[in-house]
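Here's the structure we're looking at; comments come further down.
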Amino acid sequence: MNKGDLIAQVAETAGLTKSQASDAVNGVFDAIQTTLKAGDKAAFVGFGTFSTNMRKAREGRNPLTGATIQIKAKNQVKFKPGKALSESVN
């Protein structure tokens with residue numbers, strides 16, 4: 228499923244036009260992104276929790292040359308599925 232498929236399914240399920248469904252889906256994505264940028268968690272009971280985790284700076288290797296390089300610290304987005312979601316796919 229991609230974003231277009233999600234928009235089509237939301238439009239069909241909720242009885243919205245594709246334009247309205249697109250606005251709704253984009254609004255949800257923007258809200259999650261804004262929450263994560265602020266350093267908070269976005270938790271949806273039964274579905275799961277989006278959070279961020281700071282990865283430390285570290286040394287790595289260029290696989291082509293073998294040269295050592297420095298990899299900068301960065302935030303990583305994590306998703307932990309909720310119980311209901313996990314049970315529905317198993």
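Residue numbering for the sequence shown follows my numbering, starting at 228 and increasing by one per position. Here a beta-carbon is modelled for each residue, glycine too, at the ideal position from N, C-alpha and C.
- Task: Please say whether Ile296 and Arg285 have beta carbons closer to each other than 7 Å?
- Result: no
- Jot down the residue ranges of each uninterrupted beta strand (DSSP E) in the region 233-296, minimum 3 residues, whole runs only, in chain order. 269-271, 275-282 and 285-288
- Query: For Lys299, does the three-state DSSP call read helix, strand or coil?
  - Reply: coil
- Item | Spatially closest choice to Phe271 from Met228, Leu312, Asn317 and Asn229, by CA coordinates | Nearest option by C-alpha distance: Leu312.
- Within its chain, find whatever has a CB closer than 7 Å to the CB of Ala235; leave out the 5 residues flanking it on each side and keep chain order. Lys245
- Query: So, using beta-carbon positions, are Val304 and Thr279 closer together than 7 Å?
  - Reply: yes
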